[in-house]
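Asker: In terms of our numbering, the sequence shown is residues 37 to 311. Glycine is no exception: its CB is placed at the ideal position from the N, C-alpha and C atoms. Note that the structure is predicted; figures quoted are calculated from it, not measured.
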Amino acid sequence: MLLSSSRLGLAAPLEAFRPPAQFISGSRPDQSEGARILQTFQQAGISGYYWLAFELRVMPRQGADRTIIGELHGGRNALGPISRLTLPAAAGEQRWLLQSGPQPTTWQWLGGAGEPTALTSNESLQAIAGSELTPFDLQMPFLYWTDFIYEGVAKVRGRPAHSFLLYPPTDQSTSPMDLTGVRVHLDTEFQAFMQAELLGTKGAITKTITILNLKKIGEQWLPKSIDLRNHLTRAKTRLTITAAALALTLPVSIFAPTDLAKPAPVVPGEQRQPL
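In structure tokens:
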């Protein structure tokens with residue numbers, strides 16, 4: 037599966053369509069308060085370097101389910117959150133380097149393919165191993181888009197959540213074509229990401245990314261299960277974190293694009309905690 041713009045139902049370039057805000061209380065809430073909430077969230081995240089093992093359960097609308105395993109090394113640098121995704125495969129590993137923040141970049145390395153290559157914003161919407169997960173979903177560059185409207189506090193999965201409607205940059209070199217907006221919900225109590233709705237033509241929801249549950253390791257809350265649902269094909273992928281290691285000492289070089297062709301260091305078994 038290729039989760040391209042056409043697969044998401046996002047046809048040819050749209051002319052500056054902006055999905056309208058849906059103010060929860062019926063009136064426009066304090067936008068400066070919304071900006072403060074979003075900025076606080078942008079500065080949060082997992083402390084230090086970390087490692088996650090995960091399973092991707094691919095659930096197409098038709099056909100048998102299948103499971104893909106992988107791992108992710110993550111941390112933070114001067115530009116924002118950064119992560120390195122690895123999928124082992126019989127024909128060779130596949131790896132991605134995802135720099136998030138105000139200036140997102142994505143790199144990909146395919147086993148035996150030589151040097152890593154930088155992906156365009158549209159290429160970041162391509163599926164990972166035929167699942168509904170994409171580099172864009174993991175990177176979440178929309179959390180740093182500066183053009184947004186705070187819609188107020190909504191109920192999401194039975195919990196109060198701050199609702200934001202974020203609009204992509206007008207520069208198509210930094211924003212996927214035909215994506216008209218992303219609605220994001222943040223838990224009001226934990227300031228944690230809960231859900232994102234990707235909006236396409238005329239503001240229709242094309243995909244949702246939903247945190248199903250969390251797991252606490254020490255003082256750190258981690259997402260345990262995440263659903264990615266394609267609203268057009270009705271296919272779904274569930275990402276489940278199976279183990280984690282926190283507060284790691286990792287070489288900074290593993291997050292350099294030039295080192296993506298090299299394997300990441302193995303995390304010792306005694307540092308891994310099952311979730």
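If we count the other Cβ atoms within 10 Å of its Cβ and call it buried at 16 or more, is residue 223 buried or exposed?
Answerer: As a position in the sequence shown, residue 223 is number 187, starting the count at 1. By the 10 Å Cβ count, residue 223 comes out buried.
Asker: Among 259, 268, 227, which residue has its Cα nearest to the Cα of residue 237?
Answerer: As a position in the sequence shown, residue 237 is number 201, starting the count at 1. When each option's Cα is compared against that of residue 237, the closest is 268.
Asker: Would you call the stretch 123-135 and the stretch 167-176 in contact, with 3 or more CB pairs under 8 Å?
Answerer: Contact holds: three or more Cβ-Cβ distances are below 8 Å.
Asker: With a 10 Å radius around its C-beta and 16 neighbouring C-beta atoms as the bar for buried, classify residue 117 as buried or exposed.
Answerer: Sequence index remark: in the sequence shown, residue 117 carries index 81 (1-based). Per the 10 Å Cβ criterion, buried.
Asker: Between residue 176 and residue 136, is the Cβ-Cβ spacing less than 8 Å?
Answerer: Walking along the sequence shown from the start, residue 176 turns up at place 140. Walking along the sequence shown from the start, residue 136 turns up at place 100. Taking 8 Å as the Cβ cut-off, residue 176 and residue 136 qualify as a contacting pair.
Asker: To the nearest angstrom, how far is the alpha carbon of residue 279 from that of residue 206?
Answerer: Indexing the sequence shown from 1 puts residue 279 at position 243. Indexing the sequence shown from 1 puts residue 206 at position 170. Cα to Cα, residue 279 sits roughly 39 Å from residue 206.
Asker: Per DSSP, residue 94 is paired with what?
Answerer: In the sequence shown, the residue the question calls residue 94 occupies position 58. Beta-bridge pairing links residue 94 to 102, 273.
Asker: What is the rounded straight-line gap between the Cα of residue 76 and the Cα of residue 70?
Answerer: Along the sequence shown, one-based indexing puts residue 76 at 40. Along the sequence shown, one-based indexing puts residue 70 at 34. Taking the straight line joining both Cα atoms gives about 10 Å.
Asker: Judging by CA-CA distance, which residue of 277, 120, 271, 293 is the nearest neighbour of residue 154?
Answerer: Reading the sequence shown from its first residue, position 118 is the one you call residue 154. With distances taken between Cα atoms, residue 154 lies closest to 293.
Asker: According to the neighbour-count rule (16 or more other Cβ atoms, all chains shown, within 10 Å of its Cβ), is residue 249 buried or exposed?
Answerer: For the purposes of this step, residue 249 is identified with residue 213 of the sequence shown, where counting begins at 1. It is exposed - the Cβ of residue 249 has fewer than 16 other Cβ atoms within 10 Å.
Asker: Report, in whole angstroms, the separation of the C-beta atoms of residue 180 and residue 67, which I expect to be a contact under 8 Å.
Answerer: For the purposes of this step, residue 180 is taken as residue 144 along the sequence shown, with counting starting at 1. For the purposes of this step, residue 67 is taken as residue 31 along the sequence shown, with counting starting at 1. Actually they do not touch by this definition, with Cβ atoms about 17 Å apart.
Asker: If I measure Cβ to Cβ from residue 115 and keep anything under 7 Å in the same chain, skipping five residues before and after, which residues do I get?
Answerer: The count along the sequence shown starts at 1 and reaches residue 115 at position 79. Hits under 7 Å: 135, 137, 139.
Asker: What is the DSSP secondary structure of residue 50, counted as helix, strand or coil?
Answerer: Residue numbering aside, residue 50 sits at position 14 when the sequence shown is read from its first letter. Unreliable placement is indicated for residue 50, whose pLDDT of 42 sits below 50; no coordinate value is reported for it.
Asker: Terminal residues of the continuous beta strand (DSSP E) containing residue 261?
Answerer: Residue numbering aside, residue 261 sits at position 225 when the sequence shown is read from its first letter. Residues 256-266.
Asker: Pull the bridge partners of residue 174 from the DSSP assignment, please.
Answerer: Translated into positions along the sequence shown, residue 174 becomes position 138. Partner(s): none; residue 174 has no beta bridge.
Asker: Out of 152, 156, 150, which one is the CA nearest neighbour of residue 141?
Answerer: Position 105 of the sequence shown, counting from 1, holds the residue named residue 141. It is 156.
Asker: What does the Cβ neighbour count give for residue 226, buried or exposed, with the cut at 16 atoms within 10 Å?
Answerer: For the purposes of this step, residue 226 is taken as residue 190 along the sequence shown, with counting starting at 1. Residue 226 comes out exposed.
Asker: Where does residue 112 fall in DSSP's three states?
Answerer: What you label residue 112 is simply residue 76 of the sequence shown in a count that begins at 1. Looking at residue 112 - three-state DSSP - the assignment turns out to be strand.
Asker: Report, in whole angstroms, the separation of the C-beta atoms of residue 93 and residue 276, which I expect to be a contact under 8 Å.
Answerer: Position 57 of the sequence shown, counted from the start, is the residue given in the question as residue 93. Position 240 of the sequence shown, counted from the start, is the residue given in the question as residue 276. Going by Cβ atoms, the distance from residue 93 to residue 276 rounds to 7 Å, so yes, they are a contact pair.
Asker: Once DSSP output is grouped into helix, strand and coil, what is the label at residue 66?
Answerer: Against the sequence shown, residue 66 aligns to sequence position 30. DSSP places residue 66 in coil when its eight states are reduced to three.
Asker: May I ask you to list the residues that DSSP assigns as paired with residue 167?
Answerer: The residue given as residue 167 occupies position 131 in the sequence shown. Residue 167 is not bridged to any residue.
Asker: Any heavy atom of the ligand NAD closer than 7 Å to the CB of residue 292?
Answerer: Summarising the ligand content, the structure contains no ligands, and the ligand NAD is consequently not present.
Asker: Let me make sure I understand the geometry here. Which of 228, 202, 229 has the alpha-carbon closest to that of residue 218?
Answerer: Residue mapping note: residue 218 aligns to position 182 of the sequence shown, counting from 1. Checking every option, the nearest Cα to that of residue 218 belongs to 202.
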